[in-house]
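Asker: Read left to right, the sequence shown gives residues 2 to 461 (UniProt numbering). For every residue, glycine included, the Cβ atom is placed at its ideal position computed from N, Cα and C.
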Amino acid sequence: ADKKMWGGRFSKGTAASMEAFSESVSFDRLLYAEDIRGSQAHARMLAKQGFLTEDEGRTLCEGLDRVKAEIESGEFVWKAAMEDVHMNVESRLTELIGPLGGKLHTARSRNDQVALDFRLHVAARLAGWQEKLAALITVYVDRAEEHKDTMLPGCTHFQPAQPVTLGHHLLAYCQMFKRDHERVADALKRVRVMPLGAAALAGTTHPVNPALVAEDLGLTETFANSMDAVSDRDFVVEAVFAGSLIMAHLSRMCEELIIWANPNFGYVKLPDQYSTGSSIMPQKKNPDACEIMRGKTGRVVGSLMGLLVLIKGLPMTYNRDMQEDKEPFFDADRTVSASLGIMADMLRLMEFVPEKMAQTVRRGFLNATELADYLAAKGVPFREAHHITGAAVAYAEGKGVGLEDLDLAELKRFSGEIGEDVYAVLDYHAAIERRITPGGTGPASVAAQIGALRAWLGSL
Ligand code: ARG
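(1) If I follow the unbroken beta strand (DSSP E) through residue 329, where does it start and stop?
(2) Below 8 Å, can you find three or more Cβ-Cβ pairs linking the stretch 302 to 309 to the stretch 259 to 271?
(3) Tell me which residues share the same chain as residue 328 and place their Cβ nearer than 7 Å to its Cβ, disregarding the 5 neighbours each side in the sequence.
(4) Tell me, which residues are paired with residue 157 by DSSP?
(5) Does the ligand ARG have even one heavy atom less than 6 Å from the beta-carbon of residue 323?
(6) To the nearest angstrom, how far is the alpha carbon of residue 396 from that of residue 367?
(7) Please determine, among 32, 331, 18, 423, the residue with the shortest C-alpha to C-alpha distance to residue 240.
(8) Quick check on residue 222: does DSSP put it in helix, strand or coil?
(9) In its own chain, which residues sit with a C-beta less than 6 Å from the C-beta of residue 387, not counting the 5 before and 5 after it?
(10) Assuming residue 220 and residue 194 form a contact by the criterion Cβ under 8 Å, report the distance between their Cβ atoms to the nearest whole angstrom.
(11) In the DSSP output, which residue or residues are listed as bridge partners for residue 310?
(12) Given that a residue counts as buried once 16 or more other Cβ atoms are within 10 Å of its Cβ, and exposed if not, what is residue 285?
(13) Is the stretch 70 to 77 touching the stretch 124 to 134 in the sense that three or more CB pairs, one from each, lie closer than 8 Å?
(14) State the start and end residues of the unbroken alpha helix (DSSP H) segment that holds residue 69.
(15) Give the range of the alpha helix (DSSP H) segment to which residue 462 is assigned.
(16) Any idea if residue 67 is buried or exposed, counting beta-carbon neighbours within 10 angstroms, 16 or more meaning buried?
(17) Evaluate residue 383 with the Cβ neighbour count: other Cβ atoms within 10 Å of its Cβ, from every protein chain shown; 16 or more gives buried, anything less gives exposed.
(18) Taking only the alpha-carbon atoms, compute the straight-line gap between residue 457 and residue 200 and give it to the nearest angstrom.
(19) Tell me which same chain residues have a C-beta within less than 7 Å of the C-beta of residue 20, skipping the five on either side of it?
(20) How big is the Cα-Cα spacing for residue 426 and residue 131?
(21) Less than 7 Å between the C-beta atoms of residue 112 and residue 26, yes or no?
(22) Excluding the 5 residues flanking residue 16 on each side, which residues of the same chain have their C-beta closer than 7 Å to its C-beta?
(23) Output the boundary residues of the alpha helix (DSSP H) element that contains residue 33.
(24) Give the DSSP bridge partners of residue 194, in chain order.
Structure below.
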């Protein structure tokens, strides 16, 4: 077996089962670029501080570039016996440039090294989520604009409630995803903290300059407490929480699309590219992409729970348990990134069916509130207006028609206050247009929402 870097005090080799149990290189090799970037910044800092000569600093950085090239060309041989990405990279560096490679780890521990690598990685991935969120919001805004006048039965309790526009409904999702974007930005402030210099836990006797490394790596802050620096995993919990909420929002949309695509609703035709057929029922077109996304939401939430349980009993400072922090993030990241991209593409390609939405609006007495409000405006106490309207609805339902189909004499039987002007109020589109509340479903508000979102997208 390969000689362990920490093998000095050991007389017996590691058990094969222990080697397989403890290795992390099979997954943390994903951090190779950040590991190398971090090491190069560390080497430059050691040279600037006079701990290495300029020449030594340069040789280390060039050697690390060679290791990176080997990894990227596929010729690098990853060794489980070397445990993790950090030791794999360093041992290859030493093979390539000789004993100088052994100086790289001066004033550093894998404890602060892994924290740095993981922070750099999480930061880069979260920036990717932000880009994908912005792209998704852009598609939502485009489709909302296209359907700013399309009438949709707005629901509460999943029962048809009042007419809204499909545009207004889609813009509601924009607000969720915009908050997600802001949440990620906020989490990033706490991800972009430089832990190097904390060393194992107590700091180091060498004259390191953490601020210099932070600047080199584009990190905004340096650690305030070395023990916290090597034991803090809040940043990944927050990242996966933000990811869980993104998935929950996507999953709500998926749920609606699954229902809307059911022929009993028929509000949407999902794109063939994101649907599948049945091996036995030739007529079937299944909304599998939505179902998988809804299912994978549980998986991301599971990662969040796993991380919280992982850290809850850990004493200070670094504990090897923390090696288990990576796979939940990697897995959540794959899911969040893929889901955001697929939802954007699916939304761009799906075909809405406005006639089906309008049918439901007409069948569901969605103008009942309008009649009650009309009576209230004429001085009838709202509670009474509500009761009168309920009776009119029951009557119309018995006849199998809408309120707007009753003639004036029929309507007057419910209240003498009802006049010819009621028909303008019972018009479904008017119900939407009369909703002038800022942020409501009225056309001015929908236009304002679209404008504000486009301005926000442009400011990113
Ligand atoms: N593979 C380890 C991890 O992911 C790296 C740090 C190991 N440090 C140590 N002292 N054993 O957490």
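Answerer: Reading from the atomic positions:
(1) The count along the sequence shown starts at 1 and reaches residue 329 at position 328. That residue, residue 329, is in no beta strand (DSSP E); its alpha helix (DSSP H) goes 327 to 350.
(2) Judged by Cβ distances under 8 Å, the stretch 302 to 309 makes no contact with the stretch 259 to 271, as fewer than three pairs qualify.
(3) Counted from its first residue, the sequence shown places residue 328 at position 327. The answer, listed in chain order, is 28.
(4) Here residue 157 refers to the residue found at position 156 of the sequence shown. In DSSP, residue 157 forms a bridge with 160.
(5) The residue labelled residue 323 in the question sits at position 322 within the sequence shown. Answer for residue 323: yes, Cβ within range of the ligand ARG.
(6) On the sequence shown, residue 396 is found 395 positions in, with the first residue counted as 1. On the sequence shown, residue 367 is found 366 positions in, with the first residue counted as 1. Cα to Cα, the separation comes out at about 15 Å.
(7) In the sequence shown, counting from the first residue as 1, residue 240 sits at position 239. Nearest C-alpha to residue 240 among 32, 331, 18, 423: 331.
(8) For the purposes of this step, residue 222 is identified with residue 221 of the sequence shown, where counting begins at 1. Correct three-state label for residue 222: strand.
(9) On the sequence shown, residue 387 is found 386 positions in, with the first residue counted as 1. Taking C-beta separations shorter than 6 Å and ignoring five residues to either side along the sequence, the partners of residue 387 in its chain run 373, following chain order.
(10) Counted from its first residue, the sequence shown places residue 220 at position 219. Counted from its first residue, the sequence shown places residue 194 at position 193. The beta carbons of residue 220 and residue 194 sit about 7 Å from each other, so the pair counts as a contact at 8 Å.
(11) By one-based count along the sequence shown, residue 310 stands at place 309. As computed with DSSP, residue 310 is found in no beta bridge at all.
(12) For this step, residue 285 is matched to residue 284 along the sequence shown. Burial state of residue 285 is exposed, judged by a 10 Å Cβ sphere holding fewer than 16 other Cβ atoms.
(13) With the cut-off at 8 Å, the stretch 124 to 134 and the stretch 70 to 77 do not touch.
(14) As a first step, residue 69 must be located in the sequence shown, where it is residue number 68. 55 to 74 is the span of the alpha helix (DSSP H), which, as asked, contains residue 69.
(15) With the chain covering only 2 through 461, there is no way to say anything about residue 462.
(16) As a first step, residue 67 must be located in the sequence shown, where it is residue number 66. Counting the other Cβ atoms within 10 Å of the Cβ of residue 67 gives fewer than 16, which makes it exposed.
(17) Position 382 of the sequence shown, counting from 1, holds the residue named residue 383. Exposed: under 16 other Cβ atoms inside 10 Å.
(18) The sequence position of residue 457 within the sequence shown is 456, counting from 1. The sequence position of residue 200 within the sequence shown is 199, counting from 1. Rounded to whole angstroms, the separation of the alpha carbons of residue 200 and residue 457 is 41 Å.
(19) For the purposes of this step, residue 20 is taken as the residue at position 19 of the sequence shown. Excluding positions up to five away in sequence, the list reads 81, 82.
(20) On the sequence shown, position 425 is the one that residue 426 refers to. On the sequence shown, position 130 is the one that residue 131 refers to. In a straight line, the C-alpha of residue 426 is about 43 Å away from that of residue 131.
(21) Locating residue 112 in the sequence shown gives position 111, counting from the first residue. Locating residue 26 in the sequence shown gives position 25, counting from the first residue. A distance of 7 Å or more separates the beta carbons of residue 112 and residue 26.
(22) For this step, residue 16 is matched to residue 15 along the sequence shown. The beta carbon of residue 16 sits closer than 7 Å to no other beta carbon from its chain once the five residues preceding and following it are set aside.
(23) Here the question's residue 33 lines up with position 32 in the sequence shown. Counting along the chain, the alpha helix (DSSP H) containing residue 33 begins and ends at 33 to 49.
(24) Translated into positions along the sequence shown, residue 194 becomes position 193. In DSSP, residue 194 forms a bridge with 222.
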